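Sequential numbering from 4 applies to the sequence shown in this note's numbering.
Heads up, the beta-carbon is just placed ideally off N, CA and C, and yes, glycines get one too.
None of these values were measured; they are calculated from a predicted model.
Heads up, the thing below is written out as structure tokens.
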Amino acid sequence: MFGCIENDVDYPYTPGEIETFEVEGITQAADIVKSTRTVEAIVDETVDIYDLRITRMTVTNDAAIYPESEKVVNKDASFPKHGFAALDSIPLGTDTRIDFSQPVNFLLQTYQDYDWTIKVTQTISRDINFSGDIRIGEPVFDYERKQAIVYVKEGTDLSNLTVTSFKLGSSLATTTPSPFAVKDFSNVVYFDVTAFGRTETWGTNVLYKNETDVSTNLYARSKQAILVGEMASGVALEVQYKERNQENWMSLNSGDIILSSNSYTATITGLTPSTNYQARVVMGGSIGEEIDFTTATAEVLNNGSFDNWHQDPSKANIWNPWALDASQFWDTGNRGATSLNNTTPSNTSPSTETSKGSGYAAMLESKYIVLKFAAGNIFTGTYVRTDGTDGVLSFGRPFTSYPTKLRINYKYTSATINRTNSSYGYEYLEGRPDSCFIYVALTDWDAPREIRTKPKEQQLFDMKDSNIIAYGEFTSGTTSSRYQQLDVELEYKNYRTPKYLVIVCTASKYGDYLPEEKEVRYGWMNLNYSMIRVYGCLVLK
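The following block contains the structure:
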């Protein structure tokens with residue numbers, strides 16, 4: 004991405020970084036990674052992770068701190084505006100309690116914006132056991148579905164078990180009914196586990212299992228396959244694989260197998276896309292069932308170079324990011340930005356200024372057009388229609404490969420934000436540099452996702468959508484006068500198969516939160532332009 008117009012005012016480069024972070028119940032020093040702007044902390048089971056007090060949070064350059072508003076527990080108090088070394092130093096009327104049941108985004112602001120993500124993990128020692136030495140391996144706990152599985156020896160009378168230990172929640176939780184009074188586990192038994200005023204219902208399954216059984220799930224990607232399974236503890240494990248038409252099996256290096264007390268994760272790498280393979284697990288010298296799998300196709304990013312464009316035959320002022328005789332993969336908001344005037348130039352268009360000196364790049368330009376601020380953007384999907392002065396979009400293109408990163412070449416010119424929208428709580432942005440924003444996601448939606456930018460009907464992309472398989476993003480408010488190569492890393496959240504690829508690039512991160520001219524006193528308009536040029540590719544895994 005890139006920009007062509009210089010800022011009128013130079014802003015000093017003052018990074019906003021988290022230096023220290025502590026919460027109630029923390030068990031060890033938080034892991035603060037400045038390169039990825041992430042913080043990970045681990046707490047014990049005696050605290051309420053849904054209502055967790057931050058006891059210390061210091062930042063560089065006296066950066067202002069803005070947590071996600073919906074994650075702030077006490078809605079009647081504000082979060083401290085700046086860092087604090089102890090609770091007794093925070094101002095009156097502020098509260099540091101945050102819902103950390105999911106990762107929380109924090110914005111640190113100096114002259115630039117710095118997005119941080121803080122993840123708090125709670126360690127709970129769960130366990131279920133019965134008398135008579137009948138259990139095989141460790142119980143399996145599915146935290147998302149609230150299911151516990153306990154494997155016992157074949158022939159055990161499941162209708163007459165004696166519980167010797169049973170713990171599904173915090174040490175402060177109460178369990179109903181009392182597990183020590185339950186004898187019959189021949190069917191799923193449900194227990195209500197209550198702590199901190201919240202109740203979770205867990206199903207407990209007791210199943211037979213041969214002591215040498217190995218349970219394995221295989222997830223094939225483009226150039227690798229991941230085997231995840233359960234196993235009896237203390238037994239030697241080996242993973243073998245080969246191409247289906249070959250005779251000789253290869254053994255996976257032990258360093259590529261992660262073992263816990265009775266489970267394993269094995270990653271086979273160096274595979275060829277669209278190729279048939281077989282894998283098997285050998286435990287204690289006993290060869291398991293052969294698993295057939297085919298690696299995913301190595302899909303390329305359609306028109307990732309942004310070399311192909313055409314002007315709309317009916318409206319020559321509209322640029323479209325695909326060749327006239329080719330199928331569409333990308334789209335822009337140009338039809339919305341130019342809908343009121345046939346002579347208004349597109350704010351996303353091809354540029355001959357590229358890092359390689361040939362072809363084109365996408366130039367995304369944010370500016371005020373007739374009635375409204377329009378953020379230059381490009382995305383995988385379709386611009387469906389204009390609703391008033393707002394857009395209705397369709398996000399996502401079919402995609403079934405497994406990239407590790409989006410590699411881009413970009414340059415960016417930021418401009419000063421001189422008006423803000425108090426309706427959305429972004430008044431603090433006034434006087435700050437604008438920020439470009441790029442994100443990439445793989446989803447298993449059943450269909451492309453409809454996006455609406457109209458304020459009263461707003462429906463935006465949600466990075467916490469349960470259908471998101473992998474996600475990565477990049478934000479910068481710093482002007483870059485020369486092209487830079489950047490890798491936007493994808494973090495995989497599960498092993499599901501992708502169906503759609505979403506890539507969104509915009510020259511103005513908060514471009515969706517801008518009003519029309521009739522609300523101009525709350526408006527957000529850049530006197531200069533924020534511009535970004537970009538082209539890129541996907542790197543597969």
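Neighbour-count burial assignment, residue i, 16 or more Cβ in a 10 Å radius
i: A44; result: buried
i: E22; result: exposed
i: Q249; result: exposed
i: F183; result: exposed
i: M253; result: exposed
i: A239; result: exposed
i: R485; result: exposed
i: S173; result: buried
i: E476; result: buried
i: F398; result: buried
i: Y146; result: exposed
i: Y280; result: buried
i: L262; result: exposed
i: E520; result: In this prediction, E520 has a pLDDT of 31, which is less than 50 and means its spatial position is unreliable; what the coordinates show is noted afterwards. With fewer than 16 other Cβ atoms within 10 Å, it is exposed.
i: G336; result: buried
i: F199; result: exposed
i: Q31; result: exposed
i: D116; result: buried
For residue i, three-class secondary structure by DSSP
i: T481; result: coil
i: D98; result: coil
i: R56; result: strand
i: F177; result: A small fix is needed here, since residue 177 is Thr in this sequence, not Phe. Three-state result, T177: strand.
i: A151; result: strand
i: P436; result: strand
i: L367; result: strand
i: F183; result: helix
i: E460; result: helix
i: R455; result: strand
i: D160; result: coil
i: S92; result: helix
i: E22; result: strand
i: D51; result: coil
i: S257; result: helix
i: E293; result: coil
i: S266; result: strand
i: Y431; result: helix
i: E492; result: strand
First and last residue of the uninterrupted beta strand (DSSP E) at residue i
i: G140; result: No beta strand (DSSP E) contains G140, which DSSP labels as neither H nor E.
i: V303; result: No beta strand (DSSP E) holds V303; DSSP gives it neither H nor E.
i: S352; result: T351 to S354
i: K245; result: L240 to E246
i: K408; result: P406 to T416
i: N132; result: D130 to F133
i: Y280; result: N279 to M286
i: S168; result: V166 to K170
Closest by C-alpha distance to residue i, when choosing among the options
i: P106; options: W312, S330, P406 and P70; result: P70
i: F309; options: N279, E356, A299 and Y280; result: E356
i: T389; options: K457, D437 and R452; result: K457
i: T99; options: L110, Q112 and A80; result: A80
i: P406; options: T124, S257 and E494; result: E494
i: G288; options: G394, Q281, A319 and V242; result: V242
i: Q150; options: L161, T177 and L210; result: L210
i: D334; options: D51, R59 and V505; result: V505
i: T63; options: I271, A364, I260 and L110; result: L110
i: Y415; options: R400, I261, G379 and G394; result: G379
i: V192; options: I152, S104, I127 and I260; result: I152
i: V75; options: H85, D54 and T482; result: D54
i: V507; options: T126, T300 and F440; result: F440
i: I472; options: Q488, N256, I454 and Y503; result: Y503
i: R283; options: E246, I411, N306 and G258; result: E246
i: G291; options: I454, T219 and A223; result: T219
i: P353; options: L463, L367 and K359; result: L367
i: Q331; options: R148, R400, I101 and I260; result: R400
Residues bridged to residue i [DSSP beta-bridge criterion]
i: Y442; result: E476 and V507
i: I29; result: V46
i: W205; result: F194
i: S81; result: T97
i: Q125; result: V46
i: Y386; result: L396
i: I420; result: Paired residues: none, contrary to the question.
i: Q112; result: A67 and D116
i: D34; result: E43
i: D334; result: F382
i: Y222; result: I229
i: W322; result: Q314
i: Y211; result: V155
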